[in-house]
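**Student:**
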Amino acid sequence: VDYRPPPRHEAPTQSNDAYYYHETPPQRSSKGPPQHGNPDERGTGRKDPFYEDVEMPVKIYVTPEARKSYQQAVNEEGGSMINAGGERSVADGEIKIGTKCKHHGCNHKYQGPESEKMRCKYHPGGPVFHEGEKYWSCCRRRTINFVEFLSTPGCATGRCTYTEEKTVQVGKHTPRYDMMESGTEAYLAIYAKKVDPASVKVYVSRQTLKLHIIHDLGRTYDIEVKLNGLVIPHMCKVELSAPRLEICLKKGDGTHWGTIGTVYDKGSGLELVQRSEFALPNA
587 VDYRPPPRHE
597 APTQSNDAYY
607 YHETPPQRSS
617 KGPPQHGNPD
627 ERGTGRKDPF
637 YEDVEMPVKI
647 YVTPEARKSY
657 QQAVNEEGGS
667 MINAGGERSV
677 ADGEIKIGTK
687 CKHHGCNHKY
697 QGPESEKMRC
707 KYHPGGPVFH
717 EGEKYWSCCR
727 RRTINFVEFL
737 STPGCATGRC
747 TYTEEKTVQV
757 GKHTPRYDMM
767 ESGTEAYLAI
777 YAKKVDPASV
787 KVYVSRQTLK
797 LHIIHDLGRT
807 YDIEVKLNGL
817 VIPHMCKVEL
827 SAPRLEICLK
837 KGDGTHWGTI
847 GTVYDKGSGL
857 ELVQRSEFAL
867 PNA
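Numbered according to my numbering, the sequence shown spans residues 587 to 869.
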């Protein structure tokens, strides 16, 4: 028997009512088809993560060479970091026999490695001379006799130190960046050296990139980028290597960007402008 079902939206015939049921045609919205970027793409009431503009942290991949390079830089600098004033502390070289303890009020002298374990009583404050009176700012035992002032017992206890740290002014340095793109991805390369892997933080939303790193053993690079196109946050990637930090942004619309967008310094809110001929690192 040639048995064929009725057309999709036609009422079933009486002979096959027991086997086929009328299917209600899908109801379409009077507003027309959903537009690009509509978070409720299917009318389910649930937001599609592809279209939802939520800031997401990006996972960081750190190469073994980057970790080794950073640790080597820390060891070479003796663990010293740049302070808020842009200065790096540098200790003196080899300790000579007979070197006096640098603490105020301590008269111990260096006789070898064992001398570094000696305990001393010293003045953590500085000397004050006012209207003939002499005293230490930490304990304020006043006297007019200079010899008595020098022999005032220390008010704090610690270990002797025979090296004096000096500060070296370090010039301000902003990492250079470069941008490349394909039809589906945009790449932002930050040329920063001695980057602390633990400091790298990258957050991406549909059209914004936020980056925070600490490089050169203390310098902070904190920027926010208004991207020239849309991206898919959960498909973006970051890789830290020894010479640079590379951010791969997955395009959400496949358009040509030309430039990465507008880069702002988060601390001052000012736009960072870089001439294109200086985008590549030094050879």
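Virtual Cβ for every residue (Gly too), placed ideally from N, Cα, C.
On a predicted model such as this, the values are computed, not experimentally measured, just so you know.
Name the one or two DSSP bridge partners that M642 has.
**Tutor:** Answer is V790, bridged to M642.
**Student:** Is A775 helix, strand or coil by DSSP?
**Tutor:** Of the three classes helix, strand and coil, the one that applies to A775 here is strand, per DSSP.
**Student:** Measuring only the C-alpha atoms, how far is W783 from Q860?
**Tutor:** First, the residue type needs correcting, since residue 783 is Pro and not Trp in the sequence shown. One C-alpha to the other measures close to 25 Å.
**Student:** Where are the beta strand (DSSP E) runs, 3 residues long or more, that stay fully inside the segment 795–827, in chain order?
**Tutor:** Those beta strand (DSSP E) runs which fall completely within the segment 795–827 and span 3+ residues are 805–813 and 823–826.
**Student:** Rounded to whole angstroms, what is the Cα-Cα separation between G727 and E734?
**Tutor:** In the sequence under discussion, the amino acid at residue 727 is Arg, which differs from the Gly named in the question. Their backbone Cα atoms lie some 10 Å apart in a straight line.
**Student:** Using beta-carbon positions only, say whether Y777 and P710 come within less than 8 Å of one another.
**Tutor:** Against a cut-off of 8 Å, the Cβ pair of P710 and Y777 comes out as no contact.
**Student:** Jot down the residue ranges of each uninterrupted alpha helix (DSSP H) in the segment 699–751, minimum 4 residues, whole runs only, in chain order.
**Tutor:** Here the runs fully enclosed are 732–736.
**Student:** Whole angstroms are fine: how far does the CA of Y789 sit from the CA of G744?
**Tutor:** Approximately 45 Å between the Cα atoms of the pair.
**Student:** Decide if D639 is buried, meaning its Cβ has at least 16 other Cβ atoms within 10 Å, or exposed.
**Tutor:** With fewer than 16 other Cβ atoms within 10 Å, it is exposed.
**Student:** Measuring alpha carbon to alpha carbon, tell me which of T738, T649, K779 and V648 ends up nearest R762.
**Tutor:** Nearest option by C-alpha distance: K779.
**Student:** Helix, strand or coil: which one does DSSP assign to R762?
**Tutor:** R762 falls in the strand class under three-state DSSP.
**Student:** Return the residue from the list A772, Q697 and G855 that minimises the CA-CA distance to N814.
**Tutor:** Selected option, being the one with the closest Cα: A772.
**Student:** Give the DSSP bridge partners of I833, in chain order.
**Tutor:** In the DSSP output, where bridge partners are listed per residue, I833 has L774 and V824.
**Student:** Of all the options S737, I799, K686 and L856, which has the alpha carbon lying nearest to the alpha carbon of C746?
**Tutor:** Taking only the C-alpha atoms, the option nearest C746 is K686.
**Student:** Compute the distance between the beta-carbons of I799 and L831, then report whether it is under 8 Å.
**Tutor:** Yes. Within cutoff.
**Student:** For Q621 and M642, what's the separation of their Cα atoms in angstroms?
**Tutor:** Reliability of the predicted coordinates at Q621 is poor, the pLDDT of 45 falling under 50, and the value obtained from them is presented with this limitation in mind. Near 24 Å, if we compare the C-alpha coordinates of M642 and Q621.
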